[in-house]
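Asks: This is the structure I have questions about; it appears just below.
Protein chains: 4
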Amino acid sequence: MTYHKEPIRFGMVGGGKTGGIGKVHRTSAEMFDRFKLCAGVFSSNPEISLESALEWGVSPDRNYLSYDEMALRESERPDGIRVVVITTPNHLHSGPIQSFISKGIHVICDKPLTNTLEEARKIQTVVQGSGRVFMMTYCYTGYPLVREAKARIARGDIGSIKMAKVEYPQGHLATPIENTDQKQFQWRTDPARSGEGGTIADIGTHAYHMLRFVTGLKVKSLSAELKSFVKNRKVDDNAIVNLRLENDAIGLIWASQAAIGHENSLNFKIYGDNGSLEWSHTDPSKLWLFQLDSPKQLITRGSAETTIASRRITNIPAGHPEGYHEAFANLYLEAARAIYAVDNKLDIPSEVDYPGIEEGVEGMEFVFASIASSRQNCAWVNL
Amino acid sequence: MTYHKEPIRFGMVGGGKTGGIGKVHRTSAEMFDRFKLCAGVFSSNPEISLESALEWGVSPDRNYLSYDEMALRESERPDGIRVVVITTPNHLHSGPIQSFISKGIHVICDKPLTNTLEEARKIQTVVQGSGRVFMMTYCYTGYPLVREAKARIARGDIGSIKMAKVEYPQGHLATPIENTDQKQFQWRTDPARSGEGGTIADIGTHAYHMLRFVTGLKVKSLSAELKSFVKNRKVDDNAIVNLRLENDAIGLIWASQAAIGHENSLNFKIYGDNGSLEWSHTDPSKLWLFQLDSPKQLITRGSAETTIASRRITNIPAGHPEGYHEAFANLYLEAARAIYAVDNKLDIPSEVDYPGIEEGVEGMEFVFASIASSRQNCAWVNL
Amino acid sequence: MTYHKEPIRFGMVGGGKTGGIGKVHRTSAEMFDRFKLCAGVFSSNPEISLESALEWGVSPDRNYLSYDEMALRESERPDGIRVVVITTPNHLHSGPIQSFISKGIHVICDKPLTNTLEEARKIQTVVQGSGRVFMMTYCYTGYPLVREAKARIARGDIGSIKMAKVEYPQGHLATPIENTDQKQFQWRTDPARSGEGGTIADIGTHAYHMLRFVTGLKVKSLSAELKSFVKNRKVDDNAIVNLRLENDAIGLIWASQAAIGHENSLNFKIYGDNGSLEWSHTDPSKLWLFQLDSPKQLITRGSAETTIASRRITNIPAGHPEGYHEAFANLYLEAARAIYAVDNKLDIPSEVDYPGIEEGVEGMEFVFASIASSRQNCAWVNL
Amino acid sequence: MTYHKEPIRFGMVGGGKTGGIGKVHRTSAEMFDRFKLCAGVFSSNPEISLESALEWGVSPDRNYLSYDEMALRESERPDGIRVVVITTPNHLHSGPIQSFISKGIHVICDKPLTNTLEEARKIQTVVQGSGRVFMMTYCYTGYPLVREAKARIARGDIGSIKMAKVEYPQGHLATPIENTDQKQFQWRTDPARSGEGGTIADIGTHAYHMLRFVTGLKVKSLSAELKSFVKNRKVDDNAIVNLRLENDAIGLIWASQAAIGHENSLNFKIYGDNGSLEWSHTDPSKLWLFQLDSPKQLITRGSAETTIASRRITNIPAGHPEGYHEAFANLYLEAARAIYAVDNKLDIPSEVDYPGIEEGVEGMEFVFASIASSRQNCAWVNL
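Chains as they are written, first to last, in this note's numbering: chain A, 1 to 383; chain B, 1 to 383; chain C, 1 to 383; chain D, 1 to 383.
See below:
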């Protein structure tokens, strides 16, 4: 696999420190050294934008007031950004996309693409003629076993697809939360700002993309029942969509944000005439494969039976949940807190909790007591 | 929570690009911006060390030939490292620890601490008098719900502990793999290099630390049965250890690296006189709580019922497996590959797979077709 | 709970020894002593009918040639049957129902009721005027936790229902099995014999009844997509049905007999505005309850938190899967085989496997060796 | 498989209607028609014994006052019992066993065999010379997939066994329940009546038998730690037993009745040098098979890949939990209640709940509405 020698310089439009998704983009982008944040219009609030820049190591002179300015100035610098990440609200995607593309800068954009279909098609025309890389962050297709499922289907492991079922239930909009002071939910349930589609746009698009990605089948037509389970909600919070796919296959999508009990339970089951595959985001390192006349198989990430499609994006050993890095990182954060305190001659805060030298010695005592006991026919040995 | 304003500069001893654990340390350390790698002796092979330095953005003049030189020179620089991470083989921990501590540099060290108990106690003396932060990377205590379990036990949710059971089975040493050409396993099963303890030291120490961490109970004595399931293996590959804890509680540890079917199945069950708690590394975002006279509870990471102990180290939303960042990062890696190809006027490799503009438009088409269908009583709408 | 003092005498129409479902009816009916099989027309083949009667302890003079004769003669006997169980193919339900009802005999009937709606309504008129008990064996509502779910919903545990989802996937019709010599499948996929509905009638009716039973909500209208995944199959083998229920709730049923990987995976998830409930036939002793602002609860059959609705039909202790009786029965079957052999001076067949006196003594040796070891500080004790 | 033509007549000593285990024995024995209860001394209380006889269809003249009388008289009748089931408290097994054996009657006996090892060996001598069938009801070996595991191990699926782990945790003795008025628990925790062993005898013997049954390996020695988690309890309620088996294998048994959160969680994991097998009583229709260089397999009861060892004792179709009969039986119980009410001109009690004619017709309406909708391109059809 070939990369740029240096991390790719990138900028962000939106995603400032007060929101959540900007941090996810940045942490993920920089995680394996292939990207380096260098510029941004992080917020429409200049103060927050500047603070974000400072916190994230972006030089203040590359914290811009508008995306147009940013596109222009960065495209003129010899060390300008090569790609921009756009994480503004949906109705504010179109402007920056066109601006950066026109300056020859690649674009990575949050989903959904826009609020209207017309705008989407307009952007498509701009992008397709540009020769620029354009990526939508439908992030759930980044799981190794989702790729495994796609590859298995493509090579015929389940035969010809008959039905594809994708569910994406969440529960956090089960109450009229937009009437509270949580701003995010006012925005998300306001058609003027988030578009006519509620759940269908917010997560239905993820489910739809997943179905398309994994099966590779085109969708011919659909029949949809959108509902607002919460009274007076202005957009849908539950969507059932029946699909007719090519090759006489059918599809069924259920997306909900008012399904109590679910946090983020994206899952799919794909049925073919020779087998089926099941995957769930709640346990993303497992993939079930059922085939006619074969035992039921559980495929785990990184196991010997996985194909190159998942292995090439598997970053940690089999048996380690993909959050292993975060767990490890948490220990490092504790160390950072302790070091800060010590370097500043402060007490280490009481909640900071990490294994120290005593734990290191204790581990050794345990090992040697165990060896001694075992050599004495399991005699009890004091510690 | 207070941190240094700037990321903490750190160095590494060992952990070069040819191994696996160095990358995990570095990725995790830098993940949330609190650390920045600046120096290292990454390998005993100078060439690999230099390559690692270059790949990881370390200036060549801070790639050293020995840890003593590194400790000296870094301690003299105004921008020298504040902390060193030691990931050398176990018998090579002691030297660097003492060297860096003597120069006032904090230390983070892989487990187990050393190969002999004498050496461990000697290091302990050095560290305890130094005022330096010293952390062992018993990484499994970094999972939010392990912290949750500890906090729940401390506040009495399960009453007085009666029994603590920790299992840590793996299967990758179930065959005489040390007779193949996989170097790592020759090293790990050679008492001269990895110490007298095999599995008991390698992962038994993790299990032991987990028991101590979660219960808070001291261990009074133990009875151990160490075995080599694989014939002629020079160290143990399976360990059963019975423990007697304070307060008349008992403990049971089973660690194995010859248990076929397990990848990395660390788990614990803690029983008190009022309840019990269960956690497993194979599904780390779930914690079971059973209490007398109460329904069985499943506590998920980030849910409303979690305590500050887990929330303060929870970095991503409830319902997103902790590998969400890695999945996201994988998409960014695909983008990096595509951008590299385009910037160098190459074809994008066929295996590079990411959602592009078509997928963005398709998502919009899906949303608006769904809205149209729903408004027409679920009529079928073509796509 | 009041019962007849004696088991209720019952007869069967259909269900002879060559089929499967007759045995299930009889075993279940007699399991807890409330019913006793006394008469029958077990098969249209007189020989099989007689053999079935003999095997099942029915007096040959109460093995009849026709259901009309059986209804007449049994109604005249002082010890005649009080109830008849009808397990003939669907198109042969109507005749016997009317015949037995007209003689004052209660009726228990397999589902679906008939092959045509007209016939169903005709039977309804007959039954409703008769004062006779009439039961459809929608057997899945007999699980204690299905009753628990119904009771919880009725008392408001999940608030007002918004959506009810019932799935019933099976996989055994995923191939054109009707073209093999397995007679059962020819019959089941022939509209002339099994009716126009395939899967929709065979198991869709179970799913529909489950939805109605658990929610108590009436169905106002439906939109259905029936498909034959197997080419040239004469009836549907996959059904997606969207439902509109009273109170503005919606329903979604998916039933399939061509979904590879599923054996008999009936399950439901019911979402209200205050919580949700999940149950699956693959693990029928567990019921999940999710409520706003409460921890996730797992309700197990027989546990302290269950209500009278499930407890009144719970026959075995908590923690014992409901198949405990069958496992116990299997040991008894082994004993029967051994006793047969011994009584007939034959060798006990080698595959007969049950714990004997040695296992009894061994158990005692184990207990006393354990006690001795424990008293000697866990010394090793030989067996 | 050959059986007696008629069900085998059997008697019971103990097991009267006021206890639980007698009913389980009887229901299981008669479940598949191979046994018929004909005689008994059901209780030391003559009144309860008679009531039990009447309730269970045993002629009053075959309800005896003592087991000696029963053994004598039944052995003299031409239609006397062929086998006796003994379910008295442990210290009362020995007398009846000897009495019935001496009259040529086969014996089925609850576990553990006796209270003392001396008595056990005495019985062994008596039984071994008698030519009578003698079965201990270690009931958990009656599950089909336990047999499957045994057969798989015997044929070498996991290679040579290295370690066998059996756990049997329960939680119902986690409080000093013997101080309440629940008589059963006073008896069970009184060494004078239940023997010196508490949990080790009550369920430890099940775990031990399971280990022996599945592995086929002999136990050479053991080291045990018995504890009473509940203060002042007179017998153990928690047992950890380390075992050394033949062929240099090891075993680990943990049995507890004070492990809160567990109802009846018997499980085993057997590790060989070529694979491993896992089974749990909480989900008894699943068996995991892990083999070197093969995908992880889930074997379900009745599936195509099962062997004759489990198929010969599989009584219901794949995908139906083994409690299918009980669920079915529950519907029959509801019918019995309704029939009782109708036959006695009483109102059917409001809690009696079974599907009637309306549900039968509704099912048909559902089927035909679905067919109509599907034929009209999924138009909405009213019900």
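Here a beta-carbon is modelled for each residue, glycine too, at the ideal position from N, C-alpha and C.
Should residue 42 of chain B and residue 53 of chain B be called a contact, given that it needs their Cβ atoms to be closer than 8 Å?
Replies: Yes, Cβ-Cβ distance for residue 42 of chain B and residue 53 of chain B is below 8 Å.
Asks: Within the same chain, show all residues whose beta-carbon is closer than 7 Å to that of residue 364 of chain D, passing over the 5 residues directly before and after it, in chain order.
Replies: Nothing meets the Cβ criterion.
Asks: From which residue to which residue does the beta strand (DSSP E) around residue 105 of chain C run?
Replies: Segment: none, residue 105 of chain C is in no beta strand (DSSP E) and carries neither H nor E.
Asks: Are any of the Cβ atoms in chain G nearer than 8 Å to that of residue 273 of chain C?
Replies: Absent from the structure is chain G; the protein chains it does hold are A, B, C and D.
Asks: List the DSSP bridge partners of residue 371 of chain C.
Replies: BP columns for residue 371 of chain C are empty, so no partner.
Asks: Taking C-beta pairs closer than 9 Å, name the residues in chain A that residue 148 of chain B reaches, listed in chain order.
Replies: Within chain A, no residue comes near residue 148 of chain B; the closest Cβ sits about 12 Å away, beyond 9 Å.
Asks: When the distance is taken between beta carbons, is residue 285 of chain A closer than 8 Å to residue 301 of chain A?
Replies: It is a contact, given that the beta carbons lie within the stated cut-off.
Asks: Relative to the C-alpha of residue 186 of chain A, which candidate in A:233, A:125, A:153, A:262 has its C-alpha closest?
Replies: Residue A:233 is the option with its Cα nearest to residue 186 of chain A.
Asks: Can you list the residues of chain A that residue 48 of chain B reaches, using a CB-CB cut of under 8 Å?
Replies: Those do not exist, as residue 48 of chain B stays about 17 Å from chain A at its closest Cβ, beyond 8 Å.
Asks: So who's on the other strand from residue 39 of chain B, going by DSSP bridges?
Replies: The partner list for residue 39 of chain B (beta bridge, DSSP) reads B:11.
Asks: Kindly list the residues whose CB is nearer than 7 Å to the CB of residue 125 of chain D, restricted to its own chain and excluding five residues on each side of it in sequence; keep chain order.
Replies: The answer is none, since no qualifying residue turns up.
Asks: Across which residues does DSSP place residue 290 of chain D in a beta bridge pair?
Replies: Answer is D:276.
Asks: Is residue 297 of chain B close to chain C? Criterion is C-beta to C-beta, closer than 8 Å.
Replies: Taking Cβ atoms only, chain C reaches closer than 8 Å to residue 297 of chain B, which makes this a yes.
Asks: Mapping the DSSP letters down to three states, classify residue 1 of chain C as helix, strand or coil.
Replies: Unreliable placement is indicated for residue 1 of chain C, whose pLDDT of 49 sits below 50; the coordinate value is still reported in the next sentence. Of the three classes helix, strand and coil, the one that applies to residue 1 of chain C here is coil, per DSSP.
Asks: Would you mind listing the beta strand (DSSP E) stretches within the region 126-188 of chain C that are 3+ residues and don't spill past its ends, in chain order?
Replies: Counting only runs of 3 or more, we get 134-136, 161-169.
Asks: Taking its Cβ as the centre, do 16 or more other Cβ atoms sit within 10 Å of residue 167 of chain B, making it buried, or is it exposed?
Replies: Looking at its Cβ environment, which holds 16 or more other Cβ atoms inside 10 Å, residue 167 of chain B is buried.
Asks: Taking its Cβ as the centre, do 16 or more other Cβ atoms sit within 10 Å of residue 118 of chain D, making it buried, or is it exposed?
Replies: That one is exposed.
Asks: Look up residue 117 of chain D in the DSSP assignment and give the residues it is bridged to.
Replies: Residue 117 of chain D pairs with nothing; no bridge assigned.
Asks: Rounded to the nearest angstrom, what separates residue 264 of chain B and residue 281 of chain B at their Cα positions?
Replies: Looking at the two C-alpha atoms, the distance is approximately 8 Å.
Asks: Quick one: which chain C residues come within Cβ less than 8 Å of residue 293 of chain B?
Replies: Residues of chain C passing the Cβ test: 304.
Asks: Please report the distance separating the alpha-carbon of residue 222 of chain C from that of residue 174 of chain A.
Replies: Spanning the two alpha carbons is a distance of roughly 25 Å.
Asks: Residue 384 of chain D: buried (16+ other C-beta within 10 angstroms of its C-beta) or exposed?
Replies: Shown here, chain D extends from 1 to 383; a query on residue 384 of chain D therefore has no answer.
Asks: What distance in whole Å lies between the Cβ atoms of residue 161 of chain C and residue 215 of chain C, which are believed to be in contact at a cut-off of 8 Å?
Replies: Rounded, the Cβ-Cβ distance is 6 Å, consistent with contact.
Asks: Does the region 146-161 of chain D come close enough to the region 307-314 of chain D that 3 or more CB-CB pairs lie under 8 Å?
Replies: The answer is yes - the region 146-161 of chain D touches the region 307-314 of chain D, with three or more Cβ pairs under 8 Å.
Asks: If you draw a straight line from the C-alpha of residue 382 of chain D to the C-alpha of residue 362 of chain D, how long is it?
Replies: Roughly 13 Å between the two C-alpha positions.
Asks: So within the region 56-84 of chain A, which uninterrupted alpha helix (DSSP H) runs reach at least 4 residues, ignoring any that extend past its ends?
Replies: Fully enclosed alpha helix (DSSP H) runs of 4 or longer: 67-76.
Asks: When the Cα atoms are used, what is the spatial distance from residue 1 of chain D to residue 45 of chain C?
Replies: With a pLDDT of 49 at residue 1 of chain D, under the threshold of 50, the predicted position of this residue should be treated as unreliable, though the coordinate-derived value follows. Each residue's alpha carbon lies about 25 Å from the other.
Asks: Report yes or no: is there a C-beta of chain A within less than 8 Å of the C-beta of residue 39 of chain C?
Replies: No, residue 39 of chain C lies away from the interface with chain A (no Cβ there is under 8 Å from its Cβ).
Asks: Identify whether residue 216 of chain D lies in helix, strand or coil by the three-state DSSP scheme.
Replies: Note: residue 216 of chain D maps to coil in three-state DSSP.
Asks: Roughly how many angstroms separate the alpha carbons of residue 201 of chain D and residue 195 of chain D, rounded to a whole number?
Replies: Residue 201 of chain D and residue 195 of chain D: Cα-Cα distance of roughly 8 Å.
Asks: Could you work out which residues of chain B lie near residue 187 of chain D, taking near to mean beta carbons separated by less than 9 Å?
Replies: Correct list: empty, because the minimum Cβ distance to chain B is about 23 Å.
Asks: Under the rule that 16 or more other beta-carbon atoms within 10 Å means buried, what is residue 376 of chain B, buried or exposed?
Replies: Classification of residue 376 of chain B: exposed, given that the 10 Å Cβ count is below 16.
Asks: Is there a C-beta anywhere in chain D that falls below 8 Å from the one on residue 161 of chain B?
Replies: So no, residue 161 of chain B is outside the interface.
Asks: CB-CB under 7 Å to residue 317 of chain A, same chain, minus the five flanking residues each way: which ones, in chain order?
Replies: Excluding sequence neighbours, residue 317 of chain A sits near 302.
Asks: Look at the alpha carbon of residue 182 of chain B and the alpha carbon of residue 349 of chain B, and state the distance between them as a whole number of angstroms.
Replies: Cα to Cα, residue 182 of chain B sits roughly 31 Å from residue 349 of chain B.
Asks: In or out: residue 344 of chain D buried (at least 16 other Cβ within 10 Å) or exposed?
Replies: Looking at its Cβ environment, which holds fewer than 16 other Cβ atoms inside 10 Å, residue 344 of chain D is exposed.
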